[in-house]
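Residue numbers (this note's numbering): 1 to 86. All remarks here apply to the structure that follows.
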Amino acid sequence: MFSERDDVDSGGPAHYGIHPDAFAEERPDPRPEEAKRMGLSRHTEEGAVLYFASSLDRGKTGHRMMAWILLVTFAAPVVYILLVLL
Numbered sequence: 001m002f003s004e005r006d007d008v009d010s011g012g013p014a015h016y017g018i019h020p021d022a023f024a025e026e027r028p029d030p031r032p033e034e035a036k037r038m039g040l041s042r043h044t045e046e047g048a049v050l051y052f053a054s055s056l057d058r059g060k061t062g063h064r065m066m067a068w069i070l071l072v073t074f075a076a077p078v079v080y081i082l083l084v085l086l
């Protein structure tokens, strides 16, 4: 997680008493392999949305509701443009 960032100096002092590499192995990386290969991390705009969507759990009701909200948010402009063009 922190190894892909250029602005974190692993040899530098720790912030708030915690070294940046301390939590790197505790959180699994939910990004698909293609996103990792393209260099999308949670520190980029597109990568942050992908990281968030990948971390949603299908079994939780709140996560399912958020997935539907994301789907409507990203699909609504496309549907609107198609309706205007027709």
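Every residue gets a Cβ at the ideal spot worked out from N, C-alpha and C, and that includes glycine. All figures in this text were calculated on a predicted structure; none of them were measured in a lab.
| Helix or strand or just coil, what does DSSP make of Ser41? | Taken through DSSP and simplified to helix, strand or coil, Ser41 comes out as coil.
| field | C-alpha gap between Ala67 and Ala53, whole angstroms | value | In this structure, the straight-line span from the alpha carbon of Ala67 to that of Ala53 is close to 7 Å.
| task | Taking only the alpha-carbon atoms, compute the straight-line gap between Asp57 and Met65 and give it to the nearest angstrom. | result | Looking at the two C-alpha atoms, the distance is approximately 11 Å.
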